[in-house]
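Which chain is which? The protein sequence lines are L and S, in order. All residue numbers for the first sequence refer to the numbering used here, where the first residue is 2 and numbers rise by one. All residue numbers for the second sequence refer to the numbering used here, where the first residue is 67 and numbers rise by one. For every residue, glycine included, the Cβ atom is placed at its ideal position computed from N, Cα and C. A short write-up of the structure that comes next.
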Amino acid sequence: MIMTQEEALYKYCLRLGDNALIHSQRLAEWCSNAPFLEEDLALTNLSLDMIGRAQSFLKYAAELEGQGKTADDLAYRRSERQYYNNLLVEQPNGDFAFTMTRQLFVSVFEMLFFEALKKTANDMIAAISAKTLKEVRYHVAHAEDWVIRLGDGTDESHFRMQKAIDELWMYTGELFEMDEVDKVLIMNGMAIDLESIKPEWENYISNVLEQATLDMPKDIYMQTGSRKGIHTEHLGHILSEMQYLQRSYPDATW
Amino acid sequence: MATDTQLDLWEVFIQNKSGNHYMHAGSVHASDKKMAIQNARDTYTRRSEGSSIWVVPSAAIVASNPSDGDMLFDPSNDKIYRHPTFYIMPEGAKNI
Chain L
2 MIMTQEEALY
12 KYCLRLGDNA
22 LIHSQRLAEW
32 CSNAPFLEED
42 LALTNLSLDM
52 IGRAQSFLKY
62 AAELEGQGKT
72 ADDLAYRRSE
82 RQYYNNLLVE
92 QPNGDFAFTM
102 TRQLFVSVFE
112 MLFFEALKKT
122 ANDMIAAISA
132 KTLKEVRYHV
142 AHAEDWVIRL
152 GDGTDESHFR
162 MQKAIDELWM
172 YTGELFEMDE
182 VDKVLIMNGM
192 AIDLESIKPE
202 WENYISNVLE
212 QATLDMPKDI
222 YMQTGSRKGI
232 HTEHLGHILS
242 EMQYLQRSYP
252 DATW
Chain S
67 MATDTQLDLW
77 EVFIQNKSGN
87 HYMHAGSVHA
97 SDKKMAIQNA
107 RDTYTRRSEG
117 SSIWVVPSAA
127 IVASNPSDGD
137 MLFDPSNDKI
147 YRHPTFYIMP
157 EGAKNI
């Protein structure tokens with residue numbers, strides 16, 4: 002059975018919303034734990050940008066679904082297999098080098114992705130993309146500066162950066178995976194061909210790593226699964242914390 | 067002596083809109099100019115307070131000595147003719 006455009010659009014918005022939501026939740030875990038006060042604010046700022054983006058995409062997804070749900074219903078009342086965020090964003094924060102590496106990989110992808118997506122034939126997605134692009138450019142600048150600073154820093158910081166890059170690399174292949182959702186929407190000019198931004202992504206990352214005196218990993222086995230709702234063991238733990246309140250006290254209000 | 071483990075200190079000045087004065091907003095820690103601007107942005111302009119930022123290394127600021135207060139500031143206190151209190155503000159002028 003072929004997927005309808007509505008179905009595809011709904012799933013596409015879930016993917017984009019979930020990426021922002023789960024990454025945001027991860028960054029929020031740094032609140033009061035960052036290396037110093039200013040960085041604490043910076044990380045929670047990134048997190049808040051992503052919450053806003055998640056809200057826009059999930060609200061639109063709920064409208065497309067047409068079952069009277071809200072963005073909150075989608076954020077807090079789905080189970081693990083119904084999330085479509087990339088595996089990369091659910092990976093634990095690790096040390097600061099890990100968090101910044103994940104941020105660089107994701108934000109550079111998002112910068113190229115939303116730059117292309119703002120020309121989509123779908124007005125709502127175009128509007129959200131244009132707004133997101135401004136935020137994401139800052140995320141890239143922030144992550145890039147830290148990666149260069151730490152990579153080209155002390156022996157210790159260099160070692161930690163290289164370790165983070167090597168360990169997270171296997172989650173980057175999935176960013177560019179496409180399934181039926183993408184195919185249906187690409188035909189209608191609503192989604193973008195992810196393969197087309199891959200060379201630019203690799204180029205950008207390799208440039209940053211070179212400035213940071215870090216080695217770009219060789220091609221290795223790439224993890225996969227999130228397009229089908231299959232996740233690493235970490236997502237369940239994030240959800241149990243994130244959804245606790247709504248699950249225990251449905252419709253709780255202040 | 068305890069070593070300072072913090073990064074360098076920078077003073078932050080924010081302009082809320084084009085044409086207005088830059089106002090001192092506070093300070094941030096940062097290791098270089100770029101980080102100082104980013105930290106200032108994240109610390110002081112989160113609620114649309116600014117449209118432009120200056121950061122200055124705190125060490126570059128020269129301050130007057132408090133014990134020179136009498137010499138520097140007292141002479142102006144008793145000369146009311148130095149104050150522009152005899153002018154009537156034109157209607158509608160907000161910043162003079």
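- In the DSSP annotation of this structure, the continuous segment of the beta strand (DSSP E) that includes alanine 96 of chain S starts and ends at 89-96.
- Residue pairing by DSSP places aspartate 108 of chain S in no beta bridge whatsoever.
- With respect to chain L, the C-beta atom of asparagine 82 of chain S has no partner C-beta closer than 9 Å.
- When DSSP states are grouped into helix, strand and coil, valine 128 of chain S belongs to the coil group.
- Distance between isoleucine 154 of chain S and threonine 254 of chain L, taken at the CA atoms: about 54 Å.
- Short of 6 Å from the beta carbon of arginine 228 of chain L, and not among the five residues preceding or following it, lie these beta carbons of its own chain, in chain order: Glu178 and Asp180.
- For valine 94 of chain S, a Cβ of chain L is located within less than 9 Å of the residue's own Cβ.
- For asparagine 46 of chain L, the nearest beta carbon of chain S is closer than 9 Å to its own beta carbon.
- Less than 9 Å separates the beta-carbon of valine 209 of chain L from that of valine 148 of chain L.
- With fewer than 16 other Cβ atoms inside 10 Å of its own Cβ, leucine 138 of chain S counts as exposed.
- Using a Cβ-Cβ cut-off of 8 Å, histidine 143 of chain L is close to Gln104 of chain S, given in chain order.
- Here DSSP, grouped into helix, strand and coil, assigns glutamine 83 of chain L to helix.
- Aspartate 108 of chain S has a beta carbon lying within less than 9 Å of a beta carbon in chain L.
- Within chain L, the residues Asp146 have their CB atoms less than 7 Å from the CB of lysine 100 of chain S, given in chain order.
- Going by C-alpha positions, alanine 98 of chain L is about 31 Å away from glutamate 115 of chain S.
- Within the model, the alpha-carbon separation for glutamate 168 of chain L versus isoleucine 23 of chain L is close to 19 Å.
- For arginine 248 of chain L, not one C-beta of chain S is nearer than 9 Å to its own C-beta.
- Distance check between glutamine 104 of chain L and each of L:Ala21, L:Glu64 and L:Ser197 places L:Ala21 closest, using alpha-carbon atoms only.
- Under the DSSP assignment, isoleucine 149 of chain L falls in the alpha helix (DSSP H) whose first and last residues are 124-152.
- Counted as a single uninterrupted DSSP element, the stretch harbouring glutamate 64 of chain L is not any beta strand (DSSP E) but the alpha helix (DSSP H) occupying residues 38-66.
- In this structure, leucine 65 of chain L sits away from isoleucine 198 of chain L, with a CB-CB distance that is not shorter than 9 Å.
- Shown here, tryptophan 255 of chain L sits in coil according to DSSP, grouped into three states, outside any helix or strand.
- Listed in chain order, the positions of the segment 37-64 of chain L with a beta carbon within less than 7 Å of a beta carbon of chain S are Phe37, Glu39, Leu42, Ala43 and Asn46.
- The beta carbon of leucine 75 of chain S sits no closer than 9 Å to any beta carbon of chain L.
- In the DSSP assignment, isoleucine 206 of chain L falls outside any beta strand (DSSP E) and within the unbroken alpha helix (DSSP H) covering 199-212.
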